[in-house]
Amino acid sequence: MTRDEFITHLNTSGDTESVRRFYLKSFDAKEIEPKNLSLAIEYDAPNSFGTMLRGYADCTYGSTYGRDPVSYLFVKIDGKTSTEWLQSSSQ
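Taking our numbering, the leading residue of the sequence shown gets 265, the next gets one more, and so forth.
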């Protein structure tokens, strides 16, 4: 992850300004190595009539340390977090 990508990740993380500064300082000192983890999933699933449908999901996760456990709350599926999916489906 580049410095600019990491800044974007931090700005969307919900962390406080002091936490973001700490992470950026750690990044600049090469103490942490953030990574974007990604996985593409292609699947077949029947609809309510039993007809098989093929789907595709692009899953991404911005890892601050590059090795931290993945939280399902912050995994993006097709560009949206689980919270964003819930918000968009309720509108």
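Glycine included, C-beta positions come from ideal geometry on N, C-alpha and C.
In the same chain as Tyr307, and ignoring 5 residues on each side of it, the C-beta atoms closer than 6 Å to its own belong to Gly319, in chain order.
Bridge pairing for Glu306: Tyr320 [DSSP]. At least 8 Å separates the beta-carbon of Ala321 from that of Asp292. Ile341 sits in a strand when the DSSP states are folded into three classes.
When DSSP states are grouped into helix, strand and coil, Lys299 belongs to the strand group. Excluding its 5 nearest sequence neighbours in each direction, Tyr329 has C-beta neighbours in its own chain below 6 Å: Ile296, listed in chain order.
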